[in-house]
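**Student:** Below are the structure tokens for one structure; questions will follow.
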Amino acid sequence: MTTVGDDGVYAGTASLVVGEQRHPVRIRLAGHLNPFDGHYPWQGTVHGAPPEVTAGRAVVLCIADRDATARLVERTAAGDLMI
559 MTTVGDDGVY
569 AGTASLVVGE
579 QRHPVRIRLA
589 GHLNPFDGHY
599 PWQGTVHGAP
609 PEVTAGRAVV
619 LCIADRDATA
629 RLVERTAAGD
639 LMI
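Take the sequence shown: its position 65, counted from the start at 1, is 623 in my numbering, and no numbers get skipped.
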């Protein structure tokens, strides 16, 4: 189930596409509307990505019928990926 809380945090399931591989993951994302340029920058955490998915890579994050290009920034000590 995917939900957006009252605090604007988006949490739920997604697919992380790396190259030709699609990986089911859980995500937690937060963002805000930039009033100066109209963009909506977001960042968050990817839970459950396999160890072979490494930081520093460009990926596609798929949530339901929406896709967004993203970059994996780092793997945390807990094994999650920052996106």
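Each residue gets a CB set at the ideal place from its N, CA and C atoms; glycine is no exception.
(1) Restricting to Cα atoms, I'd like to know which of 571, 587, 617, 575 is closest to residue 563.
(2) With a 10 Å radius around its C-beta and 16 neighbouring C-beta atoms as the bar for buried, classify residue 607 as buried or exposed.
(3) Relative to the alpha-carbon of residue 558, which residue among 589, 577, 626, 639 has its alpha-carbon at the smallest distance?
(4) Quick one: Cα of residue 615 to Cα of residue 578, how far?
(5) Nearest to residue 589 by CA position, among 598, 583, 581, 582, is which residue?
(6) Taking the beta strand (DSSP E) that residue 621 falls in, what are its first and last residues?
**Tutor:** In short, the structure shows the following:
(1) Numbered from 1 along the sequence shown, position 5 holds the residue referred to as residue 563. Closest in C-alpha terms to residue 563, from the list 571, 587, 617, 575, comes 587.
(2) Translated into the one-based positions of the sequence shown, residue 607 becomes position 49. Classification of residue 607: buried, given that the 10 Å Cβ count is 16 or more.
(3) With the chain running from 559 to 641 in the structure shown, residue 558 is simply not present.
(4) Here the question's residue 615 lines up with position 57 in the sequence shown. Here the question's residue 578 lines up with position 20 in the sequence shown. Computed Cα separation, rounded: 13 Å.
(5) Here the question's residue 589 lines up with position 31 in the sequence shown. The option with the nearest alpha carbon to residue 589 is 598.
(6) Within the sequence shown, the letter at position 63 stands for residue 621. Taken as a continuous stretch (DSSP letters only), the beta strand (DSSP E) holding residue 621 covers 616 to 621.
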